[in-house]
Amino acid sequence: MATSVKLDADLKRRIQHLAELRHRSSHWIMREAIRDYVEREEARERFKQEALAAWQAYQETGQHLTGQEVRDWLSTWGTAHEQAVPECHE
1 MATSVKLDAD
11 LKRRIQHLAE
21 LRHRSSHWIM
31 REAIRDYVER
41 EEARERFKQE
51 ALAAWQAYQE
61 TGQHLTGQEV
71 RDWLSTWGTA
81 HEQAVPECHE
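Following full-length UniProt numbering, the numbering of the sequence shown begins with 1 at its first residue and continues without gaps.
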């Protein structure tokens, strides 16, 4: 699907320069930049939705872990004493 994007002269020059340095086309640089941006924003939106769902669950149940409980658990990752996820509580 063809789409046009209006770029100011400075940005267009920077893209062309980067394309030359990378031995790629300007089109490839722009496609990669847009793909990276969309993937990053999709991940950000997923994180936001997960946080909202977690907040909703907390409001409904009161179940949670403290920040210290999470830090203590995470500090065991990759060690010989790695622990399972702690139980949530009220």
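Backbone N, C-alpha and C fix where the C-beta goes; we use that ideal spot for every residue, glycine too.
Determine the burial state of residue i: buried for a count of at least 16 other Cβ atoms within 10 Å of its Cβ, exposed for fewer.
i	result
I29	buried
Whose C-alpha, out of the options, is nearest the C-alpha of residue i?
i	options	result
S26	A43, L11, H81	L11
E90	G62, Q49, V5	G62
A19	A33, K6, D8	A33
T3	E45, R13, R31	R31
For residue i, which beta-bridge partners are listed by DSSP?
i	result
H89	H64
Can you list, in chain order, the residues of its chain whose CB lies under 6 Å from that of residue i, leaving out five sequence neighbours each side?
i	result
R35	none
Y58	H64
(request) Pair every Cβ in the segment 79-88 with every Cβ in the segment 52-67, then say whether three or more of these pairs are closer than 8 Å. (result) yes
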